[in-house]
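Residue numbers for the sequence shown follow our numbering, beginning at 1 and rising by one.
By construction, the Cβ of each residue, glycine as well, lies at the ideal position given by its N, Cα and C atoms.
Since the structure comes first, as structure tokens, the remarks are kept for the end.
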Amino acid sequence: METIKEGDWILIRFKDKRYLKRVEADKNFSYKGGILYFKDIIGKPYGIRVGDLLIFKPTLEEIILYGIKRETQIIYPKDTFYIAKKLNLEEGKIFLEFGTGSGAATMVFSSCLGKSGKIYTFESQERIFKVAKRNLEKFGYTHNVVMFNKPFDPKEVEDISFDAAFVDVREPYPYVEQVWKVLKPSAPVGFLLPTANQVQELLKHLSPYFGDIEILEILTRYYKVNPERFRPEDTMVGHTAYLLFAKKISM
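What follows is the structure, encoded as structure tokens:
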């Protein structure tokens, strides 16, 4: 049975609120119902109830939502986890990403690639790059990530053939041919685009390099956890971005 150790990240559930905290024996968590002393839960199993609190081991989605520092609008987990599977990311694959942003998507991709995979990620803005680096270090996602504080530079990866790529920059159009050159034949690429105009412009640049193009958006509706009043929540996570996927055409 896995138990709570000093240094672990825990998810605290209090009524409808969630808090991500790091367990340190000399620290505590104050809330409206009282105080949780972390020394009292070290050695206890995850999933325990302490008074009116529930203590869980956080998922990666919860770490992203409640733990990372944000300098940019993060890609929502509803999009990121879909992107990872759509690009067929799995143990041992070599993956290209730009830009890194706050590192939320990078963490998801890292978890898919395992110990033998590798991510090469580019972020041009130094301030954002430093935030992403701290987030990855804070939550232990640096073992398979190579970071560059610069715009995508093919010279940095000219000896690598990538299994897949993901592009999240304001103007991806100039990079289409460069990405095509470093991908393996038939390899997938994904683009995240906030506006319809960006999608339309990108479509003009994809030919003749990429085919099998798909465009979609992901909408998430949560429901109230009440058997007597089962209905949707009052708000939902609607449009966050357009996702465009394509595969490399060999020429």
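Contact between the segment 34-49 and the segment 86-94 is absent, with fewer than three C-beta pairs closer than 8 Å.
Taking the Cα of GLU171 as reference, the smallest distance to any Cα among PHE152, ASP163, VAL157 and PHE162 is reached at PHE152. If you draw a straight line from the Cα of MET236 to the Cα of TYR223, it is about 9 Å long. The bridge partners DSSP lists for TRP180 come to none. Counting every other CB atom within 10 Å of its CB across the protein chains shown gives THR106 a total of 16 or more, marking it as buried. Around the beta carbon of TYR173, a 10 Å sphere encloses fewer than 16 other beta carbons of the protein chains shown; the residue is thus reported as exposed. With a cutoff of 7 Å on beta-carbon distance, PHE95 and ILE119 are scored as near each other. The way I'd put it, the segment 176-196 does touch the segment 227-243; three or more beta-carbon pairs between them come closer than 8 Å. The count of Cβ pairs closer than 8 Å, one atom from the segment 96-103 and one from the segment 121-137, reaches three, so the stretches are in contact. C-alpha of SER30 to C-alpha of PHE14: approximately 11 Å in a straight line.
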